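Asks: Mapped onto my numbering, the consecutive letters of the sequence shown carry residue numbers 1 to 257.
Just so it is clear, CB atoms sit at the ideal spot from N, CA and C, and this is done for glycine as well.
All values reported here derive from a predicted model rather than from experimental measurement.
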Amino acid sequence: MLICPKCKKELKKEDHCYRCPEGHSFDIARQGYVNLSLKQKKNQGDNRLMVLARSKFLEEDHYDFMRQFVKDKLVDHNIHTLIDGGCGQGYYTKEFKQVVDTVYGIDLSKEAIRYAAAHDKQSQYFVAGIFDMPFSDHSADCITSIFTPLPHEEVDRVLRENGIWIVVGPGPDHCIELKELMYDRPYKNDWPDTHMDHFECVSQDLISNKAVVEDVWSLLEMTPYRYNSPSSSLDKVKACKSLDTTFEFVVSIWRKI
Numbered sequence: 001m002l003i004c005p006k007c008k009k010e011l012k013k014e015d016h017c018y019r020c021p022e023g024h025s026f027d028i029a030r031q032g033y034v035n036l037s038l039k040q041k042k043n044q045g046d047n048r049l050m051v052l053a054r055s056k057f058l059e060e061d062h063y064d065f066m067r068q069f070v071k072d073k074l075v076d077h078n079i080h081t082l083i084d085g086g087c088g089q090g091y092y093t094k095e096f097k098q099v100v101d102t103v104y105g106i107d108l109s110k111e112a113i114r115y116a117a118a119h120d121k122q123s124q125y126f127v128a129g130i131f132d133m134p135f136s137d138h139s140a141d142c143i144t145s146i147f148t149p150l151p152h153e154e155v156d157r158v159l160r161e162n163g164i165w166i167v168v169g170p171g172p173d174h175c176i177e178l179k180e181l182m183y184d185r186p187y188k189n190d191w192p193d194t195h196m197d198h199f200e201c202v203s204q205d206l207i208s209n210k211a212v213v214e215d216v217w218s219l220l221e222m223t224p225y226r227y228n229s230p231s232s233s234l235d236k237v238k239a240c241k242s243l244d245t246t247f248e249f250v251v252s253i254w255r256k257i
């Protein structure tokens, strides 16, 4: 199922590395992950501080109800081989392994993958991009894209016939209270597309929950507002001690046709 990122031939595990027939080899790191990215930029994806901030928030389990919803869908669709695209620090990946035989997590952030591999010894983690996945054609039962860009062509290539693509994004009112705190004119998120070439929409579910967030800054770190908001808005978040927050997600399930 794994392919070499250089020559696209089969990649097999040999002792402490993965190797292809052309002799390209990729070492297994001490934490258990493998770097298959050919883009050797120093800071790809989330850095260490971002990973720790996101992990701190996720470990509060405000998103657990969504994680369990997706996990149940994996059981419903009898998934045996799954790729968690843009898996970050493996918060969802680790849980999915409880109900799926073979689970791969990929992300361009080496720091995130290092964290994921250190905290989950059952799934297989690789530093790799979602737009050039190190997997052979038609090899996966399911791909999950949770708060990530949507690599339509690559998902179409890697999924087997009738394979399932689970896409999770923000619902219209996701974190609306945070927006109301930060902005004079808070906006609602758009509803996701209901049409994609080569896929049929099996279902779209809107799920939500409310919870009091004590560390509002860590919540902000989970959103794009952290990096595109004026300092005055960020100061409001820093001054906020707690926030009753709506967590709302749209879970879309697509079948490859």
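DSSP three-state call for residue 226: helix, strand or coil?
Replies: Three-state DSSP puts residue 226 in a helix.
Asks: Just reading off the alpha helix (DSSP H) that residue 52 is part of, what are its end residues?
Replies: 48-58 is the span of the alpha helix (DSSP H), which, as asked, contains residue 52.
Asks: Could I get the ranges of all uninterrupted alpha helix (DSSP H) runs contained in the region 127-155, with 4 residues as the minimum, in chain order?
Replies: You should have found no qualifying run.
Asks: Could you round the C-beta distance between residue 170 and residue 249 to whole angstroms and report it? I think they count as a contact, below 8 angstroms.
Replies: Contact holds; Cβ gap of about 7 angstroms.
Asks: What residue does the alpha helix (DSSP H) around residue 92 start on, and which one ends it?
Replies: Note, residue 92: alpha helix (DSSP H), 91-96.
Asks: Beta-carbon within less than 8 angstroms of residue 56's beta-carbon, same chain only, minus the 5 sequence neighbours each way: which residues are those?
Replies: These residues qualify, in order along the chain: 215 and 218.
Asks: Just the Cα atoms here: how many angstroms apart are residue 243 and residue 211?
Replies: Cα to Cα, the separation comes out at about 8 angstroms.
Asks: Do residue 1 and residue 208 have their CB atoms nearer than 8 angstroms?
Replies: Their beta carbons are not under 8 angstroms apart, which means residue 1 does not touch residue 208 by this criterion.
Asks: Locate the alpha helix (DSSP H) running through residue 67, then write down its first and last residues.
Replies: Unbroken alpha helix (DSSP H) run through residue 67: 64-76.
Asks: Grab me the residues of residue 101's own chain with a C-beta within less than 8 angstroms of its C-beta, minus the 5 sequence neighbours each way, in chain order.
Replies: Answer for residue 101: 80 and 81, listed in chain order.
Asks: Would you report the Cα separation of residue 237 and residue 190, rounded to the nearest angstrom?
Replies: So the two alpha carbons sit approximately 24 angstroms from each other.
Asks: Short of 8 angstroms in beta carbon distance, which residues of its chain neighbour residue 71, apart from the five on each side in sequence? Order them along the chain.
Replies: Closer than 8 angstroms at Cβ, skipping near neighbours: 95, 96, 98 and 99.
Asks: Give the range of the alpha helix (DSSP H) segment to which residue 36 is assigned.
Replies: Careful: residue 36 lies outside any alpha helix (DSSP H) and carries neither H nor E.
Asks: Leaving out five residues on either side along the sequence, give the residues of the same chain with a beta carbon under 7 angstroms from the beta carbon of residue 180.
Replies: 186.
Asks: Taking the runs of the beta strand (DSSP E) that are 3 residues or longer, which of them lie wholly in the region 194-223?
Replies: As far as the region 194-223 is concerned, its whole beta strand (DSSP E) runs of at least 3 residues are 199-213.
Asks: Just to confirm before moving on: does the CB-CB distance between residue 34 and residue 126 stay below 8 angstroms?
Replies: Their beta carbons are under 8 angstroms apart, which means residue 34 touches residue 126 by this criterion.
Asks: Would you be able to state if there are at least three C-beta pairs under 8 angstroms between the region 20-33 and the region 111-119?
Replies: Result yes; three or more Cβ-Cβ pairs closer than 8 angstroms.
Asks: Flag residue 56 as yes when its Cβ comes closer than 7 angstroms to any non-hydrogen atom of the ligand GDP, and as no otherwise.
Replies: With respect to the ligand GDP, the structure shown offers nothing to examine, as it has no ligands at all.
Asks: I need the straight-line Cα distance from residue 18 to residue 232, nearest angstrom please.
Replies: Looking at the two C-alpha atoms, the distance is approximately 49 angstroms.
Asks: Can you tell me whether residue 68 is buried or exposed? The criterion is at least 16 other CB atoms within 10 Å of its CB, across all chains shown.
Replies: Residue 68 comes out exposed.
Asks: Determine the direct distance from the alpha carbon of residue 5 to that of residue 23, and round the result to whole angstroms.
Replies: Their Cα atoms are separated by approximately 12 angstroms.
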